[in-house]
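So the structure is just underneath, and the comments pick up after that.
There are 2 protein chains.
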Amino acid sequence: MDRRQRRTRSLIFTAFSALLERKSYTAMTVQDIIDEADIGRSTFYAHFETKDELLKALCNDIFDHVFSAEIMSEEKHDFSHHSSFRDRITHILYHLQEKQQSIRGLFNGECGEIFLRYLKEYLCQVFNEHITIKDDVPHDYALDLAVSSFAETVRWWLKGHSDYTPEQMTAYFFRCISIL
Amino acid sequence: MDRRQRRTRSLIFTAFSALLERKSYTAMTVQDIIDEADIGRSTFYAHFETKDELLKALCNDIFDHVFSAEIMSEEKHDFSHHSSFRDRITHILYHLQEKQQSIRGLFNGECGEIFLRYLKEYLCQVFNEHITIKDDVPHDYALDLAVSSFAETVRWWLKGHSDYTPEQMTAYFFRCISIL
DNA sequence: TCAATACCGAACACCTTGTTCTGTAATAAT
DNA sequence: ATTATTACAGAACAAGGTGTTCGGTATTGA
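Chains as they are written, first to last, in my numbering: chain A, 138 to 317; chain B, 138 to 317.
Structure follows, in C-alpha cells:
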C-alpha cells in the first residue's frame, strides 16, 4: 500500500473519530470530514464510496484488533483448552480498553446502533457454546440476551466508568446474568 | 384540535410507520413521507419542524399509551400494592403487543437507537426500586443492565417471535437475569 | 353566515452529494 | 537518477433534498 494512501486513510480515520465526539453521525457530512482531515473532496471518495463504508471500515479495524489479537494470543499461549470463558471475556475487555479512544464516539447516536450490531456478530461466536442450556428458555433468546447484555456492559463501562478494571467488569457481568 | 389537523397528523403517522418497514430511517426523506401521505410540503412542516420531531412524537404517542395505560389501570384497580413486579412487566408487554404494528418498524436501523433510548427512560422508573441490591455490583450498572436487557427482550420478541405470550416472555426474562 | 385557519402548490435560495476533469507532486522500481 | 505510475488537490457540475414563503382555496367551528 502506497505511503500516501496510508497517510490519507489515517487522516480520515482520525478526523472521523474526532468528529464523532462532537457531532452526531447523521448530522455529520462528508464535507465536515474532509474539512477536519484537510484533504480534497475527490480524495475522500477515492478511499470510501460513502460515509457508511467509512464507518464500516473503522469498525473492522477495531474488531480485527480486538478479536484477531484475542485469537492470536490464544493460539500463541495455547489458551484454547486452558483458559476459561471468563478469561476470554476479560481478555476482550482488555483489548477494547486499548481502543477506547476510537470506540467512545462510536457509541453515540445512530452509529452506535451499527457498531453494536457488528460487535454482537463477533460476540455471538464467542458466546455460542458457553450458554448454559436450559430447556425452559429458547436458546436463541438466551444467546441474544447474553450477547446484548455484554455489549451494553461494554458501553456502560467505556462511557464514563472506565475506572473499573476489566476483571471487575467481568465479575459484575457474570453476577447479573444467570445463564453463563 | 381541528378535525383537519387530526386527519393530517394521522396521515403522516401512518405513512411514516409504513415507510419504516420498507426503508431505513436515515435514507427516508421528508419528500418520501409527504408522497406516501399525499400531502403538501408546507403542510408537513406546519406539523413537524423536522423528521426527528416526527419520530419523537410517534414514540411519545406509543409510550403514552403503554405506560399511562399501565399507570391508569394500576390506579383503577389499585394494583400499586397488590400486583407484583412480574405482573407489571407482563402488563407492559401486553400493551406493547397492542402497538406491535407501529413499533415493529421502529426497531430498524438508526431510529431503533432513538426509540430504545426513550423506552429505557420510562423503564428506568419502573425498574428502579425492584433491583435486588447487591453490594458487590454498582447499582447504576445493575439498573442499566436490567433495563437494557428488558428492552432487548422486547425487540427480540416483536421481531419474529411474537408467537410467544407476554407471560412466557416474562418468565424467560426473569430466568436469565439474576438481579430481579 | 362569516371569520378563522388548515391545506395546497409552486417557487426560492441554500446545502450536500457524488462525479469528472486537469494539473501537480509524491512514490516505487529500474 | 530517471521514469512511469499513481495519489492528491481543486474546481466545476448536475441532481436532489431542505426548510421557507406566499397567494389562493376549501374546510371548519361559532
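We put the beta carbon where it would ideally sit given N, CA and C, even for glycine.
The beta carbon of B:Val284 sits closer than 7 Å to those of Lys257, Leu260, Cys261, Phe264, all from its chain and outside the five residues before and after it, given in chain order. Within chain A, no residue has its CB atom less than 8 Å from the CB of B:Ile229, the nearest being about 17 Å off. By a beta-carbon distance limit of 8 Å, A:Ser286 contacts B:Leu282. Their separation comes to about 6 Å. With respect to the C-alpha of B:Cys313, the residue from A:Ile268, A:Asp201, A:Ala288, A:Arg292 having the closest C-alpha is A:Ile268. Using a Cβ-Cβ distance cut-off of 8 Å, the region 194 to 202 of chain A and the region 163 to 175 of chain A are not in contact, since fewer than three pairs of beta carbons, one from each stretch, lie closer than that value. Between the region 243 to 256 of chain A and the region 155 to 163 of chain A there are three or more C-beta pairs closer than 8 Å, enough to call the two in contact. In the three-state DSSP reduction, A:Ile229 falls in the helix class (H, G or I). Under the three-state reduction of DSSP output, B:Ile199 falls in the helix class. Annotated as distal: B:Ile240 and B:Leu230, with beta-carbon spacing of 8 Å or more.
Proximity of chain B to A:Arg312 at the Cβ level (cut-off 9 Å) is accounted for by Lys271, Asp273, Val274, Ala279, Ser315, Ile316, in chain order. Under DSSP, A:Ile170 forms no beta bridge with any residue. If you draw a 10 Å sphere on the C-beta of B:Met306, you find 16 or more other C-beta atoms in it, and that means buried. From the beta-carbon of B:Ser285, the residues of chain A found nearer than 8 Å are Ser285, Ser286, Glu289. Distance between B:Ala279 and B:Ile316, taken at the CA atoms: about 7 Å. A:Gln238 is the residue among A:Tyr255, A:Val203, A:Ile270, A:Gln238 whose C-alpha sits nearest the C-alpha of A:Leu156. Any Cβ of chain A closer than 8 Å to the Cβ of B:Thr307 would place that residue at the interface, and such an atom is absent. Counting C-beta atoms within 10 angstroms of its own C-beta, A:Glu266 has fewer than 16 neighbours from the protein chains shown and is therefore classed as exposed. DSSP places B:Glu250 in the uninterrupted alpha helix (DSSP H) bounded by 246 to 264. With respect to B:Glu289, B:Thr227 sits apart: the two C-beta atoms are not nearer than 8 Å. Closest by C-alpha distance to B:Phe252, out of B:Gly297, B:Glu190, B:Ala152, B:Leu148, is B:Glu190.
Boundaries of the alpha helix (DSSP H) harbouring A:Leu282: 276 to 295, taken from the DSSP string. Taking a C-beta distance under 8 Å as the contact criterion, B:Val167 and B:Phe181 qualify as a contact pair. In the structure shown, the three-state DSSP call for A:Ile149 is helix. Around the beta carbon of B:Lys296, a 10 Å sphere encloses fewer than 16 other beta carbons of the protein chains shown; the residue is thus reported as exposed. Around A:Phe310, the same chain offers Thr290 as residues with beta carbons nearer than 6 Å, after the five sequence neighbours per side are excluded. Under the DSSP assignment, A:Tyr162 falls outside any alpha helix (DSSP H); it carries neither an H nor an E label. Identification of residues in the region 233 to 263 of chain A having a C-beta nearer than 7 Å to some C-beta of chain B yields Gly246, Glu247, Gly249, Glu250, given in sequence order.
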